[in-house]
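One structure below.
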Amino acid sequence: MAEFKEISPNAPAGEKLLNWVDNRFPASKLYKEHLSEYYAPKNFNFWYMFGSLSLLVLVIQIVTGIFLVMHYKPDAAVAFASVEYIMRDVPWGWLIRYMHSTGASAFFVVVYLHMFRGLMYGSYRKPRELVWIFGCAIFLCLMAEAFMGYLLPWGQMSYWGAQVIVNLFSAIPFIGPDLALLIRGDFVVGDATLNRFFSFHVIAVPLVLLGLVVAHIIALHEVGSNNPDGVEIKGPNAPKDAQGHPLDGIPFHPYYSVHDIFAVSLFLMVFSAIVFFAPEFGGYFLEYNNFIPADPLTTPLHIAPVWYFTPFYSMLRAITSEMMYALIACVVIGAVLAVAKGKLPQLLKGAVIGAAVVVSAMMLAIDAKFWGVVVMGGAVVILFFLPWLDNSPVKSIRYRPDWHKYLYAVFVVNFLILGYLGVQPPSPIGERVSQVGSLFYFGFFLLMPWWSKLGTPKPVPDRVTFTPH
Numbered sequence: 085m086a087e088f089k090e091i092s093p094n095a096p097a098g099e100k101l102l103n104w105v106d107n108r109f110p111a112s113k114l115y116k117e118h119l120s121e122y123y124a125p126k127n128f129n130f131w132y133m134f135g136s137l138s139l140l141v142l143v144i145q146i147v148t149g150i151f152l153v154m155h156y157k158p159d160a161a162v163a164f165a166s167v168e169y170i171m172r173d174v175p176w177g178w179l180i181r182y183m184h185s186t187g188a189s190a191f192f193v194v195v196y197l198h199m200f201r202g203l204m205y206g207s208y209r210k211p212r213e214l215v216w217i218f219g220c221a222i223f224l225c226l227m228a229e230a231f232m233g234y235l236l237p238w239g240q241m242s243y244w245g246a247q248v249i250v251n252l253f254s255a256i257p258f259i260g261p262d263l264a265l266l267i268r269g270d271f272v273v274g275d276a277t278l279n280r281f282f283s284f285h286v287i288a289v290p291l292v293l294l295g296l297v298v299a300h301i302i303a304l305h306e307v308g309s310n311n312p313d314g315v316e317i318k319g320p321n322a323p324k325d326a327q328g329h330p331l332d333g334i335p336f337h338p339y340y341s342v343h344d345i346f347a348v349s350l351f352l353m354v355f356s357a358i359v360f361f362a363p364e365f366g367g368y369f370l371e372y373n374n375f376i377p378a379d380p381l382t383t384p385l386h387i388a389p390v391w392y393f394t395p396f397y398s399m400l401r402a403i404t405s406e407m408m409y410a411l412i413a414c415v416v417i418g419a420v421l422a423v424a425k426g427k428l429p430q431l432l433k434g435a436v437i438g439a440a441v442v443v444s445a446m447m448l449a450i451d452a453k454f455w456g457v458v459v460m461g462g463a464v465v466i467l468f469f470l471p472w473l474d475n476s477p478v479k480s481i482r483y484r485p486d487w488h489k490y491l492y493a494v495f496v497v498n499f500l501i502l503g504y505l506g507v508q509p510p511s512p513i514g515e516r517v518s519q520v521g522s523l524f525y526f527g528f529f530l531l532m533p534w535w536s537k538l539g540t541p542k543p544v545p546d547r548v549t550f551t552p553h
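Residues 85 to 553, numbered by our numbering, are exactly what the sequence shown covers, in order.
Here it is in structure tokens:
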């Protein structure tokens, strides 16, 4: 038990209260460790505001979600009507609903930008591997949360989107049909499915998400924040003052907390403009078909997920029976290169060849629909391994060869094209482009151990580059 700290009887009432709390709970200690005495690099740029904005949107989603749950009915017979009741009869219900629906898209906007910043500046490299892994787990949780929440309005697109995605699990050999039945709770998407998705969306996934956010922040503050130069400011060789504080760092509060208030103000202006003037955002945030009650007997002409899922949905659709031969060729070529160029023991070389033969045989034997699910899931899972795929001698894109920057730019454009194609109805040209885009997406990561070492990096400074402003 910690020793109680005494305070003067003549101290102000506020100090007495804080001392009473500190003797029982480490409030001041946590404030100092994570805010006033947490030193962040002084050369942060605008890319570093998206982490704070992610926390802001999380709060918006939790608060608006609480108010929506007060009036929403998780019953297939009245779910759509309860949403209409919220929109039309609950005081300010339309505002709460539009804030929640816009917040869902805003969440993915800031998270995608946050992840891209990590990709640019090598924020996944040692010693921040766990920070990155927790971040990827948060992204996975967000996808689950968004998918389950998507069904709750019980509109036409919600119903059929859930029907299509849940049916994908039935493509898994042996356990697929039973797994799909377990997820649905019935043989078709219905009342049991709605109740399950509601409980996961409101209770289970948010609890996991909050735990991961806390773990993400604790891990970040343990190893310290990265910066655009990729220079460590807290390492054993980093310059420090007499008190042991890094010379290239400044306290997060008040410097960056005030800095983030400006970013929050800009974000809320854009967010409010969308909520009040374009909450559907041309059908991308709220699909027009979702203003029609779910009809199990009428299938929409074109079923597509919400925009933030479309790059992965495009990869799913890209995997056809013809595409399987291209994937088999990639597996074989990859195995041959690993054996020929890799410095592997003979036993491991034999294992690589054997694994390639087994995987190729499975690709021929199992339906392409299953491999589409594997590719869609693998597109997210591969992000977890990024810290061990990147072998570049420098962290930040600033000091990598110029052609690395162009490659990253092509990767971003490719991801955006996949997202666009995922919204569009299937077409022969779109199918070919999405197949090429999917191969590039996986090639970018799987070949990273090779290409990230190529080229001559620029000299990395010993200390962060900073221009006072």
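We put the beta carbon where it would ideally sit given N, CA and C, even for glycine. If you're wondering where the values come from, they're calculated on a predicted model, not measured in any experiment.
Mind checking residue i: buried by the 16 CB within 10 Å criterion, or exposed?
i           : result
residue 173 : exposed
residue 257 : exposed
residue 430 : exposed
residue 277 : buried
residue 522 : buried
residue 389 : buried
residue 199 : buried
residue 406 : exposed
residue 327 : exposed
residue 175 : exposed
residue 229 : buried
residue 421 : exposed
Tell me the residue span of the alpha helix (DSSP H) that contains residue i.
i           : result
residue 533 : 532-535
residue 378 : Unbroken run through residue 378: none, as it is neither H nor E.
residue 113 : 111-115
residue 301 : 289-307
residue 103 : 97-106
residue 277 : 275-283
residue 409 : 405-425
Which residue or residues does DSSP assign as beta-bridge partners of residue i?
i           : result
residue 324 : 330
residue 335 : 123
With DSSP as the reference, label residue i as helix, strand or coil.
i           : result
residue 125 : strand
residue 539 : coil
residue 149 : helix
residue 239 : strand
residue 195 : helix
residue 314 : coil
residue 268 : helix
residue 483 : helix
residue 508 : coil
residue 344 : helix
residue 94  : coil
residue 462 : helix
Within a Cβ cutoff of 6 Å, which residues of the same chain sit near residue i, ignoring the five residues on either side of it in sequence?
i           : result
residue 166 : 156 and 157
residue 293 : 225
residue 241 : 371, 373 and 374
residue 338 : none
Given residue i, which residues of its chain have a CB within under 7 Å of its CB, disregarding the five upstream and five downstream residues?
i           : result
residue 478 : 314, 484, 541 and 544
residue 152 : 170, 180, 181 and 184
residue 190 : 141 and 355
residue 565 : Lying before the first or after the last residue shown, residue 565 is absent from the chain, which here runs from 85 to 553.
residue 125 : 309, 311, 317, 332, 333 and 548
residue 340 : 124 and 128
Return the chain-ordered list of same chain residues with a C-beta closer than 8 Å to the C-beta of residue i, the five sequence neighbours on each side being excluded.
i           : result
residue 348 : 136, 137 and 140
residue 464 : 220, 223, 224, 227 and 396
residue 400 : 252, 456, 457, 459 and 460
residue 102 : 111 and 112
With a threshold of 7 Å, establish whether the CB of residue i neighbours any heavy atom of the ligand MG.
i           : result
residue 522 : In terms of ligand content, the structure shown is empty, and the ligand MG therefore cannot be addressed.
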